[in-house]
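Student: Pasting in a structure now, in structure tokens, and then I'll have a few things to ask.
The structure is reproduced here in structure tokens:
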């Protein structure tokens, strides 16, 4: 844990330093905000993030931000050509629907119902 920064804000600081990223770089300020939200949710609100689908989705968004910036760490372009390929990383499956492993599988049923109501 200490090697990864010790806390979510610590990880953000280490991630930015290792990638030579600035807060003004695309997505970096959002990464910092998500890290602080996760930290406050655990430390102040005393939430069990492992049982919250919303926290899992926030962490997946963090992963997407890190994937978008990974060329700063390995020197290679990620090669994504569209938002839909990023969404498949977010939903952890090949389609744009959240039908794969989430904290609460009922979320996989809830999102499509909401989409239908919006149409």
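In this note's numbering, the protein residues as written are 2 to 120.
Every residue gets a Cβ at the ideal spot worked out from N, C-alpha and C, and that includes glycine.
Expressed to the nearest angstrom, what Euclidean distance is found between the alpha-carbon atoms of residue 12 and residue 118?
Tutor: Using only the alpha carbons, I get a separation of about 38 Å.
Student: So what does DSSP say about residue 1, is it helix, strand or coil?
Tutor: It is not possible to answer for residue 1, since the shown part of the chain is limited to 2 through 120.
Student: Taking residue 29 and residue 22 to be in contact with their CB atoms under 8 Å, please state how far apart those CB atoms are, rounded to whole angstroms.
Tutor: 5 Å
Student: Who are the Cβ neighbours of residue 59 in its own chain at under 7 Å, not counting the five residues just before and after it?
Tutor: Excluding positions up to five away in sequence, the list reads 35, 38, 39.
Student: Please check the pair residue 66 and residue 31, which I expect to be a contact at CB under 8 Å, by giving their CB distance rounded to whole angstroms.
Tutor: Confirmed, Cβ separation roughly 6 Å.
Student: Is residue 28 helix, strand or coil by DSSP?
Tutor: coil
Student: For residue 50 and residue 56, which I take to be in contact (beta-carbon distance under 8 Å), what is that distance rounded to the nearest angstrom?
Tutor: About 4 Å separates the beta carbon of residue 50 from that of residue 56, a gap short enough to meet the 8 Å contact definition.
Student: Per DSSP, what kind of secondary structure is residue 17 in: helix, strand or coil?
Tutor: helix
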